[in-house]
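Chemist: Below you will find the structure I want to go over with you.
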Amino acid sequence: MYGAAMPHDPPVNEIKAELFRALAHPVRIRALELLVEHPCTVSELQAEMGIDAARVSQQLSVLRRADLVRTERSGTTVTYSIKDPLLGDLLAVARRLLIASLEARRDLLHELERSGR
Numbered sequence: 000m001y002g003a004a005m006p007h008d009p010p011v012n013e014i015k016a017e018l019f020r021a022l023a024h025p026v027r028i029r030a031l032e033l034l035v036e037h038p039c040t041v042s043e044l045q046a047e048m049g050i051d052a053a054r055v056s057q058q059l060s061v062l063r064r065a066d067l068v069r070t071e072r073s074g075t076t077v078t079y080s081i082k083d084p085l086l087g088d089l090l091a092v093a094r095r096l097l098i099a100s101l102e103a104r105r106d107l108l109h110e111l112e113r114s115g116r
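Heads up, the sequence shown is in numbering that gives the first Met the number 0, so the first residue is 0 and it goes up one at a time.
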């Protein structure tokens, strides 16, 4: 039957929700934004974000379990990179949506200020 889910396959919307849950943390979003630019080690991400290595590692672990990042080990150094360049596109769209929302709110604020309400 068209559109019917297989008994053991999660529905597509559940899979999408899992993706967005994996993205739903400020540290994970910032880490992904940096990884879109270039692969980084935990210490590089830590220095860029100004947070402790344990917190960075914890959030990278979530991204790894969600299959959004990959790791490459060289000796004791682990470098993280994004698995799919489309992730950069998704983050860019999210940024544009946020900008549009903030601009609309700014316009509303200006309107309220002009009306004196």
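A virtual CB, placed ideally from N, CA and C, is assigned to each residue, including glycine.
1) Just tell me which of Pro25, His37 and Asp51 has its CA closest to the CA of Val68.
2) I'd like to confirm the pairing. Which residues does DSSP put opposite Arg69 in its beta bridges?
3) Taking the alpha helix (DSSP H) that Leu99 falls in, what are its first and last residues?
4) With a threshold of 8 Å on Cβ separation, who are the neighbours of Met0 within its own chain once the five nearest residues in sequence on each side are excluded?
5) Between the alpha carbons of Ser130 and Glu17, how many angstroms are there, rounded?
6) Decide if Val55 is buried, meaning its Cβ has at least 16 other Cβ atoms within 10 Å, or exposed.
7) Per DSSP, which residues does Thr40 bridge with? Please list them.
8) Pick from Gly74, Asp83, Arg72 and Ser73: whose alpha carbon is nearest that of Ala65?
9) Are the beta-carbon atoms belonging to Leu33 and Ser80 less than 7 Å from one another?
Modeler: Inspection of the coordinates gives the following:
1) His37
2) In DSSP, Arg69 forms a bridge with Ser80.
3) Note on residue identity: the sequence assigns Ala, not Leu, to residue 99. First-last of the alpha helix (DSSP H) with Ala99: Leu85 to Ser114.
4) The pLDDT assigned to Met0 is 43, lower than 50, so where the model puts this residue is not dependable; a value taken from the coordinates is nonetheless given after this. None.
5) The structure shown does not extend to residue 130, since the chain spans only 0 to 116, so no value can be given for it.
6) buried
7) Paired residues: Thr78.
8) Asp83
9) No.
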